[in-house]
Amino acid sequence: MTNTLLLLTQHNQQYRELLAQKQLPNLTILDDSDDRQQCEQQANIWLAEPHLAAPYLTLPTASAATNKLTLKWLQSTFAGVDALMSPQLRQDFTLTNIRGVFGPLMSEYVFGYLLSHYRHHSQYQLQQTQQLWQPKSFCSLQGLNMLILGTGSIAQHIASTARHFGMTVTGLNRRGSVVEPFNQLDNIDNMATHLPAADVVVSVLPNTVQTTHLLNSTTLALLKPTAMLFNIGRGNAIELDALQHELTQFPQRHAILDVFEQEPLPPQHPLWHCPNVTITPHISAPSFPTQVVDIFCQNYALWHQSEPLQYVVDPVQGY
């Protein structure tokens with residue numbers, strides 16, 4: 011059986027070249043110069059960025075063209091597939107995402123900022139410009155408590171790195187089930203009992219109804235006055251107005267935020283001007299085309315053999 015692939019990415023040519031090197035059997039890649047509507051109707055496989063695919067997946071009542079889609083499998087180039095979870099979009103195909111490659115990148119992000127904060131890198135950089143030699147006492151990461159919201163592959167990698175530095179790591183998930191390499195696991199419903207002991211809180215939660223504003227005025231108030239908070243999962247986990255209030259009340263706290271409910275964060279938002287906030291533009295773990303193609307090829311081999319695919323997204327849970 012011949013399969014037909016539609017590319018819907020911002021880097022179609024790069025993906026085309028990488029896929030050509032793999033020489034996948036019985037796979038035809040549609041040309042970007044072809045009529046887009048015709049391509050959508052012909053392709054049974056899409057390799058796509060979710061926000062670029064979403065406009066073509068409206069329910070059949072929305073347009074006659076949508077009725078003719080032959081899409082059977084969509085491989086997202088991102089881990090997050092929020093853009094494809096709307097009830098107004100089709101769900102009559104297998105959706106897979108990217109997993110297993112972001113843990114090292116997000117660990118670099120988290121521990122880069124952690125070490126810089128605890129070792130006073132910015133202060134020493136400033137002192138250098140003033141030719142000042144003023145050693146400052148510091149707190150080691152050893153013995154600190156890290157609380158990770160989520161226990162998937164990304165959280166597991168961060169936990170491994172944290173334990174390498176001698177930190178104690180607690181992971182929270184929906185089941186409270188045992189997952190390596192955490193020191194302890196609990197149900198996320200018990201989050202309030204763990205927040206007061208955490209020196210560092212890292213959210214890697216997906217965007218679901220259950221996770222929306224989990225960190226709010228009530229739960230954020232439980233943080234230590236010196237706690238560091240990272241959000242590298244999805245922006246919906248934090249109620250930003252409540253966070254701003256808590257950071258203003260406790261200037262020793264610091265928040266490192268890579269994701270937001272509205273991206274980019276509006277320029278008029280007051281968090282831009284908070285001295286104890288670090289804002290980055292959703293760059294903690296980009297999807298590198300080479301890694302995406304490797305995962306796609308692994309899944310295509312399974313597809314070609316009519317075997318179950320890896321990293322299938324549950325449309326009910328949203329991840």
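Each residue of the sequence shown is one higher than the last, beginning at 11 in the numbering used here. Just so you know, even glycine gets a beta-carbon here, dropped at the ideal spot from N, CA and C.
Identify the residues that DSSP records as bridge partners of M95: which are they? Indexing the sequence shown from 1 puts residue 95 at position 85. Looking at the DSSP assignment, M95 forms no beta bridge with any residue, so it has no partner.
Collapsed DSSP secondary structure at F88 in the structure displayed: For the purposes of this step, residue 88 is identified with residue 78 of the sequence shown, where counting begins at 1. Looking at F88 - three-state DSSP - the assignment turns out to be coil, as it is neither helix nor strand.
Once DSSP output is grouped into helix, strand and coil, what is the label at S187? Position 177 of the sequence shown, counted from the first residue, corresponds to residue 187. Residue state for S187 is assigned as coil, using DSSP reduced to three classes.
Ranges of the alpha helix (DSSP H) found wholly within the segment 88-157, counting only runs of at least 4: The segment 88-157 is shown to contain whole alpha helix (DSSP H) runs of 4 or more residues at 113-128, 131-139, in chain order.
Exposed or buried, which one is L29 when buried takes at least 16 other CB atoms within 10 Å? The residue given as residue 29 occupies position 19 in the sequence shown. L29 is buried by the Cβ-count criterion.
Residue range of the beta strand (DSSP E) that M238 falls in? Working through the sequence shown from its first residue, we reach residue 238 at position 228. Secondary structure note for M238: its beta strand (DSSP E) is the uninterrupted segment 238-241.
Where S73 falls: helix, strand or coil (DSSP): Your numbering for residue 73 matches position 63 in the sequence shown. Low confidence applies to S73: its pLDDT is 48, below 50, so where it sits in the model is not reliable, and the reading given next is rough at best. S73 falls in the coil class under three-state DSSP.
Less than 9 angstroms between the C-beta atoms of V189 and T161, yes or no? In the sequence shown, residue 189 corresponds to position 179, counting from 1. In the sequence shown, residue 161 corresponds to position 151, counting from 1. With respect to T161, V189 sits close: the two C-beta atoms are nearer than 9 angstroms.
Measuring straight from C-alpha to C-alpha, what distance separates H283 and P318? Residue mapping note: residue 283 aligns to position 273 of the sequence shown, counting from 1. Residue mapping note: residue 318 aligns to position 308 of the sequence shown, counting from 1. When rounded, the distance between both Cα atoms is 49 angstroms.
Name the DSSP bridge partner or partners of L275? Locating residue 275 in the sequence shown gives position 265, where the first residue counts as 1. Answer is none; L275 lacks a bridge partner.
Chain D within 9 angstroms of Y310, Cβ atoms only: The displayed structure is made up of one protein chain only, and chain D is not part of it.
Which term fits L125, buried or exposed, when burial requires 16 or more other beta carbons within 10 angstroms of its beta carbon? Reading the sequence shown from its first residue, position 115 is the one you call residue 125. Result: exposed.
Residues near S117 by beta carbon distance below 6 angstroms, same chain, minus five either side: Counted from its first residue, the sequence shown places residue 117 at position 107. Non-local beta-carbon contacts of S117 in its own chain, meaning distances under 6 angstroms to residues more than five positions away in sequence, involve H167, I168, T171 in chain order.
What residues are listed by DSSP as bridge partners for N22? Sequence index remark: in the sequence shown, residue 22 carries index 12 (1-based). Per DSSP, none; premise fails for N22.
Does the beta-carbon of P206 have 16 or more other beta-carbons within 10 angstroms, so that it is buried, or is it exposed? As a first step, residue 206 must be located in the sequence shown, where it is residue number 196. With fewer than 16 Cβ atoms within 10 Å of its Cβ, P206 is classed as exposed.
If I follow the unbroken alpha helix (DSSP H) through L253, where does it start and stop? Here the question's residue 253 lines up with position 243 in the sequence shown. Segment 250-259, the alpha helix (DSSP H) holding L253.
The beta strand (DSSP E) enclosing T288, as first and last residue numbers: Looking up residue 288 in the sequence shown gives position 278. Note, T288: beta strand (DSSP E), 287-289.
Does DSSP put I305 in a helix, a strand or coil? As a first step, residue 305 is located in the sequence shown; it is residue number 295 there, counting from the start. If DSSP states are grouped into helix, strand and coil, I305 belongs with the helices.
Report, in whole angstroms, the separation of the C-beta atoms of A10 and V211, which I expect to be a contact under 8 angstroms. Given a span of 11 to 329 for the chain in the structure shown, any question on residue 10 remains unanswerable.
Between the C-alpha atoms of T76 and L69, what's the straight-line distance to the nearest angstrom? Taking the sequence shown and counting its residues from 1, the one referred to as residue 76 is at position 66. Taking the sequence shown and counting its residues from 1, the one referred to as residue 69 is at position 59. Note on T76: pLDDT 47, under 50, position unreliable in the model; the coordinate value appears next. In a straight line, the C-alpha of T76 is about 7 angstroms away from that of L69.
Relative to the C-alpha of C149, which candidate in M177, L34, Q140 has its C-alpha closest? Working through the sequence shown from its first residue, we reach residue 149 at position 139. The shortest C-alpha separation from C149 is found at M177.
In terms of alpha-carbon separation, which member of R100, Y119, W83 lies closest to P65? In the sequence shown, counting from the first residue as 1, residue 65 sits at position 55. It is R100 whose Cα lies nearest to the Cα of P65.
Pick from R244, Q301, A265, A208: whose alpha carbon is nearest that of Q334? Because the chain is modelled from 11 through 329, residue 334 falls outside the range shown and cannot be assessed.
Look up D196 in the DSSP assignment and give the residues it is bridged to. For the purposes of this step, residue 196 is taken as the residue at position 186 of the sequence shown. Paired residue(s): L182.
Buried or exposed: P274, going by 16 or more other Cβ atoms within 10 Å of its Cβ? Counting from one through the sequence shown, the residue named residue 274 turns up at place 264. Exposed.
Report the rounded CA-to-CA distance for P60 versus W143, giving the unit in angstroms. The residue you call residue 60 lines up with position 50 of the sequence shown. The residue you call residue 143 lines up with position 133 of the sequence shown. Cα to Cα, the separation comes out at about 51 angstroms.
Please tell me whether L57 and L67 are closer than 9 angstroms, where the distance is taken between their beta carbons. The residue given as residue 57 occupies position 47 in the sequence shown. The residue given as residue 67 occupies position 57 in the sequence shown. Against a cut-off of 9 angstroms, the Cβ pair of L67 and L57 comes out as no contact.
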